[in-house]
Amino acid sequence: MVSVSRFPPDPDRVEEIFARLARVMPEPKTELNFTNPFTLVSAVALSAQATDVGVNKATTALFAVADTPQKMAALGVEGLTPYIASIGLYRNKAKNLIAMSQILIERHGGEVPLNRADLQALPGVGRKTASVVLNELGIEPAIAVDTHVFRVSHRLGLANANTPDKVEAQLHQVVPEHWLPKAHHWLILHGRYTCVARRPKCEACVISDLCPARPDLMAARA
DNA sequence: ATCCCGAGGG
DNA sequence: CCCTCTGGAT
């Protein structure tokens, strides 16, 4: 077993990877439905270990009824649960979303605080969710490391660490500044539609020739 | 390290 | 059937 170290990657290769992703996806954005910072945080929190398609299915009805902390808090856990019961981990999420709404009302004037410390202090909001919100709203460029970013980064040799936090740090070292704001979306979307977990669609991949994990290389290595 | 936890795809 | 999906709290 020849152990080829993929990390750190060659800067020119990294530049070319993002240049091509930029060509294929010029204006990447989240596929979660939201109308304001509150529905954004809510949707992202609900998306933990769930597909955004499934989350959107639930939030379409939910946000029509509750798109503010006040309305959400008024629903209560009992009122909220039916809307999100189709989403995984829904009991925790219901409890967190109601508690979050109450805190927003009591401590933040009914507004979503747009800084990392206050966001991560909210129930159900960790580093990953906060990063998505801050990046999506243009507050600060952040790379939220979810299952897609983790997998794609490893395959491309953009990271080799074994935890999301370490992978995030490696990506900040490796990804050029000018690609940073959109890098998160590109890695996600590439992972969701092309570099999928089970049978990556390398035939349809625009960066397969730049990928250390592409099938021919893996075969040659074995 | 472990729990939470449903839908969709293969 | 098993795996995956924009994790967080304990």
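So in full-length UniProt numbering, the last spot in the first sequence is 222, and the numbers never skip.
Quick reminder that beta carbons are idealized off the backbone N, C-alpha and C, glycines included.
- A distance of 8 Å or more separates the beta carbons of Lys57 and Val65.
- Contact annotation: His190 and Val152 have beta-carbon atoms nearer than 8 Å.
- Our two residues, Val44 and Thr129, have alpha carbons roughly 6 Å apart in a direct line.
- In the DSSP annotation of this structure, the continuous segment of the alpha helix (DSSP H) that includes Thr60 starts and ends at Asp52 to Val65.
- Val206 is positioned such that its CB atom lies closer than 8 Å to that of Arg20.
- At the C-beta level, Pro9 and Leu158 come within 8 Å of one another.
- Beta-carbon to beta-carbon, Ser42 and Leu97 are separated by about 6 Å, close enough to satisfy the 8 Å threshold.
- When the alpha-carbon of Pro37 is set against those of Leu119, Ala73 and Arg107, the nearest one is in Leu119.
- Distance from the Cα of Leu40 is smallest, within the candidate group Leu180, Pro82 and Asn135, for Asn135.
- One Cα belongs to Val125, the other to Arg155, and the distance between them is close to 28 Å.
- By the Cβ rule, the stretch 141-149 counts as touching the stretch 177-193, because three or more pairs are nearer than 8 Å.
- A Cβ-Cβ distance of about 5 Å is found for the pair Ala94 and Val77, placing them in contact under the 8 Å criterion.
- For the alpha helix (DSSP H) assignment, the uninterrupted runs of no fewer than 4 residues enclosed by the stretch 177-212 are, from N- to C-terminal side, 180-193.
- Under the DSSP assignment, Gln120 falls in the alpha helix (DSSP H) whose first and last residues are Arg116 to Gln120.
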